[in-house]
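Numbering (the numbering used here), first residue to last: 12 to 216. From the three backbone atoms N, C-alpha and C, an ideal C-beta is built for every residue, glycine too. Bear in mind the structure is a predicted one, so any value in this text is a computation, not a measurement. Below is one structure; the comments refer to it alone.
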């Protein structure tokens, strides 16, 4: 008689990781950040094209957005390993929120004062915070869910990030077409504020 084989180990359902309240928070933080980031890129790209009528300067949007990444990627992992990850995420979100608020404030005071370099600076800061916060957020996911559920958690993170990359520009285009630049960019600010409030509630072991 052959010895009985152990029953195969059943995998953990993908969505079960959402039962963890802290993971839900950091998942929403990542989702909303990517959503707002992509919407902001589209809206500011539209603004640069309208103001300058230059396709070259339009192309500079992506240049400045990605410019900080190769430099900051060298230290972002070190920061995530050595410093408080929650604080890194909070500071990044505060910078994102203040950047959008400053652009709106300049525009509200006098639209003529809003220059292309303001937009390029805002885009560069956005790229910098993205480069710094990504390693901290993904390492924090491991801290929250543990190794056993890490694959499920990162899979959901990839899905939500991809959705943000698609839905953000789509909604940004709809808003630009219906309510104009000011209200569209104001909506981006509201998303950042919601994200900041979620960030303040986040607990990382």
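Among 154, 166, 69, 36, nearest to residue 207 - alpha-carbon criterion: Minimum Cα distance to residue 207 is reached at 36.
If you measure from the CB of residue 65, is any heavy atom of the ligand PLP nearer than 6 Å? In the structure on display, the ligand PLP does not appear, and there are no ligands present to speak of.
Reducing DSSP to helix, strand and coil, say where residue 33 ends up. Looking at residue 33 - three-state DSSP - the assignment turns out to be helix.
Euclidean distance between Cα positions of residue 77 and residue 132: For residue 77 and residue 132, the gap between their C-alpha atoms comes out near 12 Å.
What's the C-alpha gap between residue 92 and residue 147? Spanning the two alpha carbons is a distance of roughly 8 Å.
Between residue 184 and residue 49, is the Cβ-Cβ spacing less than 7 Å? Not closer than 7 Å, so no.
Candidates 212, 199, 152: which alpha carbon is nearest residue 52's? Nearest C-alpha to residue 52 among 212, 199, 152: 199.
Contact the stretch 186-197 vs the stretch 159-171: 3+ CB pairs below 8 Å: The answer is no - the stretch 159-171 does not touch the stretch 186-197, with fewer than three Cβ pairs under 8 Å.
Buried/exposed call for residue 87, threshold 16 Cβ in 10 Å: Here residue 87 is buried, its C-beta having at least 16 other C-beta atoms within 10 Å.
Consult DSSP for residue 206 and reduce its assignment to one of helix, strand or coil. For residue 206, the three-state secondary structure derived from DSSP is helix.
Going by DSSP in three states, residue 154 sits in which element: helix, strand or coil? Residue 154: helix per DSSP, three-state reduction.
Whose C-beta lies closer than 7 Å to the C-beta of residue 31 among residues of the same chain, with five residues either side of it excluded? Residues of the same chain with a CB within less than 7 Å of the CB of residue 31, apart from the 5 flanking positions on each side, are 155, 156 in chain order.
CB-CB under 6 Å to residue 60, same chain, minus the five flanking residues each way: which ones, in chain order? Same-chain partners within the cutoff: 69.
Where residue 58 falls: helix, strand or coil (DSSP): Note: residue 58 maps to helix in three-state DSSP.
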